[in-house]
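Colleague: In the working numbering, the protein residues as written are 898 to 1286.
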């Protein structure tokens, strides 16, 4: 597999970091999850559960190993540094300065492994006036301006169900790690990958920021892709379901107007102001006259950019996602069938693999210490001292 020769130490928890390291694990990297002796990764306790483990934790941590290690103890730090000496990547998601306070800063890590790629995923990045602030996805989106735009004109911002800052930060972390590994192959030295989730979600707003740079500020509900255009919006049907219309190109909008029996609406594609609102209202009334299923049958057959707005229960049964192997079943002797989201990156020769369930907390602590050369008695003493759990 592409990353079968890469060992990753994962000090992250919850969503962003584990999402990033899950991608690496799915393509063959050996990911060792380092958890603290207390609760460990809090995602383990997020319902709903599969057995005694959070289903979300299963989704984000399969194919990994788990070691519980107390990094506040010198013995714990010593063990981590021995693992670092054998590793290619360390991913951490602490606030800036925490790793240094644990006496595990970049200089310490580089001293034992000059080729280490140190990936640091944080809310606001490693520098800047807000770097030490706490935060979550909603805070990063608020500062980036994306939350403020996610609203109808005159309405309150609507919190996105998909945490775009968390997930884009995770994806940029993976990209940064792969770039750093490629550079290491050419130069022989590792480097630091600094990813801020505020930076990440802000980078996704290139179209909106371009308008601001051009002196045309974008207000909530006024951008062309916010649902105000009649040819790019969501419409309610007679059954209460909804349709998503994405007919941006003239050929698709023309085809939809013909299918709706309203060729006169073609000219409203890029209209503004009252004309746009009127065209939107007329299309809304048309879609409200029939149930969703009837519209889907007719408009999908015509090859138009119109889709049903599926519920999550409907989405997980979607035949397209099934065909793309985006919905997998992992058979585990303890848990039975574990349903997981598949890997969207499709490599023709070295595809991703889902082989093992998410690890129990500290499941591999003893085995990993044995690999490092610790005798059984010494390992028992570390458990007794609370260095391991």
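Beta carbons: idealized from backbone N, C-alpha and C, even for Gly.
Predicted model only: the values in this text are computed from it and were never measured.
#1: Between the C-alpha atoms of residue 910 and residue 1032, what's the straight-line distance to the nearest angstrom?
#2: Which ranges would you report for the alpha helix (DSSP H) in the segment 1203-1240 if only whole runs of at least 4 residues count?
#3: Please state whether DSSP places residue 1082 in a helix, a strand or coil.
#4: Can you tell which of 1242, 1209, 934 has the C-alpha that lies nearest to the C-alpha of residue 923?
#5: Looking only at its own chain, which residues have a Cβ that is under 7 Å from the Cβ of residue 1089, when we skip the five neighbours before and after it?
#6: Under 8 Å, do residue 905 and residue 988 count as touching if we go by C-beta distance?
#7: Quick one: residues in its chain with C-beta nearer than 6 Å to the C-beta of residue 1286, no 5 flanking neighbours on either side, listed in chain order?
#8: What's the call for residue 1249, buried or exposed, on a 16-neighbour Cβ count within 10 Å?
#9: Does DSSP classify residue 986 as helix, strand or coil?
#10: Can you give me the start and stop residues for the alpha helix (DSSP H) that residue 1148 sits inside?
#11: Please report how far the alpha carbon of residue 1055 lies from the alpha carbon of residue 1190, in whole angstroms.
#12: Could you spell out the range, first to last residue, of the beta strand (DSSP E) harbouring residue 1087?
#13: For the beta strand (DSSP E) holding residue 1130, just list the boundary residues, first then last.
#14: Ignoring anything shorter than 3 residues, give me the beta strand (DSSP E) runs that lie fully in the segment 939-1013, in order along the chain.
#15: Taking C-beta to C-beta, are residue 1101 and residue 1061 nearer than 8 Å?
#16: Take every Cβ of the segment 1131-1145, pair it with every Cβ of the segment 1194-1214, and state whether three or more of those distances are shorter than 8 Å.
#17: Give the straight-line distance between the Cα atoms of residue 1197 and residue 1180, rounded to the nearest whole angstrom.
#18: For residue 1007 versus residue 1013, is the C-beta distance shorter than 8 Å?
#19: With distances taken from CA atoms, which of 1281, 1256, 1252, 1267 is nearest residue 925?
#20: Determine the direct distance from the alpha carbon of residue 1266 to that of residue 1278, and round the result to whole angstroms.
#21: Between residue 1168 and the rest of its own chain, which residues show a CB-CB distance below 7 Å, the 5 nearest in sequence each way excluded?
#22: Output the boundary residues of the beta strand (DSSP E) element that contains residue 1139.
#23: By how many angstroms is the C-alpha of residue 1150 removed from the C-alpha of residue 1173?
#24: Residue 978 and residue 928 - do their beta-carbons sit closer together than 8 Å?
#25: Near residue 914, what residues of its chain come up, given a Cβ to Cβ distance below 8 Å and the 5 sequence neighbours on each side ignored?
#26: Do the segment 1071-1091 and the segment 930-948 touch if we need at least three Cβ pairs shorter than 8 Å?
#27: Around the Cβ of residue 1104, are there at least 16 other Cβ atoms within 10 angstroms (buried) or fewer (exposed)?
#28: Of all the options 956, 937, 1268, 948, which has the alpha carbon lying nearest to the alpha carbon of residue 917?
#29: Using DSSP with H/G/I as helix, E/B as strand and the rest coil, what is residue 904?
Modeller: A quick look at the data gives this:
#1: By 1-based counting over the chain shown, the position of residue 910 is 13. By 1-based counting over the chain shown, the position of residue 1032 is 135. Using only the alpha carbons, I get a separation of about 14 Å.
#2: 1209-1212, 1216-1220
#3: Looking up residue 1082 in the chain shown gives position 185. Note: residue 1082 maps to helix in three-state DSSP.
#4: Here residue 923 corresponds to residue number 26 of the chain shown, with the count starting at 1. Of the candidates 1242, 1209, 934, the one whose C-alpha sits nearest the C-alpha of residue 923 is 1242.
#5: Within the chain shown, numbered from 1, the residue matching residue 1089 stands at position 192. Taken in chain order, the residues that qualify are 1003, 1015, 1017.
#6: Looking up residue 905 in the chain shown gives position 8. Looking up residue 988 in the chain shown gives position 91. Going by C-beta atoms, residue 905 is nearer than 8 Å to residue 988.
#7: Stepping through the chain shown from its first residue, residue 1286 is reached at position 389. Taken in chain order, the residues that qualify are 934, 965, 1259.
#8: Indexing the chain shown from 1 puts residue 1249 at position 352. Classification of residue 1249: buried, given that the 10 Å Cβ count is 16 or more.
#9: For the purposes of this step, residue 986 is taken as residue 89 along the chain shown, with counting starting at 1. Residue 986: strand per DSSP, three-state reduction.
#10: Counting from 1 along the chain shown, the entry for residue 1148 is found at position 251. 1147-1156 is the span of the alpha helix (DSSP H), which, as asked, contains residue 1148.
#11: Working through the chain shown from its first residue, we reach residue 1055 at position 158. Working through the chain shown from its first residue, we reach residue 1190 at position 293. Spanning the two alpha carbons is a distance of roughly 28 Å.
#12: Within the chain shown, numbered from 1, the residue matching residue 1087 stands at position 190. Unbroken run through residue 1087: none, as it is neither H nor E.
#13: Within the chain shown, residue 1130 is the residue found at index 233, counting from 1. Residues 1129-1133.
#14: 961-965, 986-989
#15: Locating residue 1101 in the chain shown gives position 204, where the first residue counts as 1. Locating residue 1061 in the chain shown gives position 164, where the first residue counts as 1. Contact: yes.
#16: yes
#17: As a working note, residue 1197 is residue 300 in the chain shown. As a working note, residue 1180 is residue 283 in the chain shown. If I take the Cα positions, the gap works out to 17 Å.
#18: Numbered from 1 along the chain shown, position 110 holds the residue referred to as residue 1007. Numbered from 1 along the chain shown, position 116 holds the residue referred to as residue 1013. Taking 8 Å as the Cβ cut-off, residue 1007 and residue 1013 qualify as a contacting pair.
#19: What you label residue 925 is simply residue 28 of the chain shown in a count that begins at 1. It is 1252 whose Cα lies nearest to the Cα of residue 925.
#20: Taking the first residue of the chain shown as 1, we reach residue 1278 at position 381. Taking the first residue of the chain shown as 1, we reach residue 1266 at position 369. So the two alpha carbons sit approximately 12 Å from each other.
#21: Counted from its first residue, the chain shown places residue 1168 at position 271. Hits under 7 Å: 1176.
#22: By 1-based counting over the chain shown, the position of residue 1139 is 242. It spans 1139-1143 - the beta strand (DSSP E) in which residue 1139 sits, taken as one unbroken run.
#23: In the chain shown, residue 1173 corresponds to position 276, counting from 1. In the chain shown, residue 1150 corresponds to position 253, counting from 1. Going from the Cα of residue 1173 to the Cα of residue 1150 covers about 14 Å.
#24: The sequence position of residue 928 within the chain shown is 31, counting from 1. The sequence position of residue 978 within the chain shown is 81, counting from 1. Result no, Cβ atoms of residue 928 and residue 978 do not sit closer than 8 Å.
#25: As a position in the chain shown, residue 914 is number 17, starting the count at 1. 907, 908, 988, 989, 990, 1018, 1067, 1070.
#26: no
#27: Start at 1 with the first residue of the chain shown, and residue 1104 comes out as number 207. Residue 1104 is exposed by the Cβ-count criterion.
#28: Residue 917 sits at position 20 when you count from the first residue of the chain shown. When each option's Cα is compared against that of residue 917, the closest is 956.
#29: The count along the chain shown starts at 1 and reaches residue 904 at position 7. In this structure, residue 904 counts as strand in the three-state DSSP scheme.
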